[in-house]
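Novice: Okay, handing you the structure first.
Numbering (the numbering used here), first residue to last: 4 to 131.
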């Protein structure tokens with residue numbers, strides 16, 4: 004019985020030591036990298052929201068704010084160009100469909116407006 008208690012206590016002590024060894028605190032570099040990753044995530048969410056609401060004045064400002072940062076310029080410009088190509092493709096599909104209904108005309112105008120917004124956003128980050 005005494006041997007069994009000693010084995011249980013030794014096992015508990017060993018598990019505690021292993022758990023403490025695995026709880027290594029992160030270094031400053033790891034913390035900075037995690038913080039930077041979080042900031043990029045916030046930026047991506049903000050730009051995604053701005054792209055979904057092109058009629059709001061703050062949308063262009065948000066894209067300009069992040070897009071003029073030299074660390075992210077290429078990524079954001081590429082994203083805008085891909086969005087622009089997609090919208091242009093959808094607009095071309097509507098144009099080639101022939102007769103337009105009121106709903107198609109409304110959709111066409113939405114694509115034209117978004118295309119103008121994307122073109123303006125690209126120009127804004129290119130010029131600043």
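Every residue gets a Cβ at the ideal spot worked out from N, C-alpha and C, and that includes glycine.
1) For residue 91 and residue 32, I'd like the C-alpha separation in whole angstroms.
2) Which whole-angstrom value is the C-beta distance of residue 128 and residue 67, which I expect to be below 8 Å?
3) Tell whether a beta-carbon distance below 7 Å holds between residue 114 and residue 93.
4) From residue 112 to residue 35, what does the alpha carbon distance come to, in whole angstroms?
5) Could you say which of 58, 64, 37 lies nearest to residue 49 if we only look at CA atoms?
6) Hey, quick one: how far does the alpha helix (DSSP H) through residue 64 stretch, first residue to last?
7) Going by DSSP, what residue range makes up the alpha helix (DSSP H) through residue 106?
8) Going straight from the alpha carbon of residue 110 to that of residue 43, what length do you get?
9) Name the residue from 41, 39, 69, 40 whose alpha carbon lies nearest to the alpha carbon of residue 53.
10) Is DSSP giving residue 17 helix, strand or coil here?
Specialist: Answer, in terms of the structure:
1) 43 Å
2) 6 Å
3) Their beta carbons are under 7 Å apart, which means residue 114 touches residue 93 by this criterion.
4) 45 Å
5) 64
6) Note, residue 64: alpha helix (DSSP H), 60-70.
7) 105-130
8) 32 Å
9) 69
10) Per-residue confidence for residue 17 stands at a pLDDT of 48, beneath the threshold of 50, marking its modelled position as unreliable; the derived number appears in the next sentence. Helix, per DSSP.
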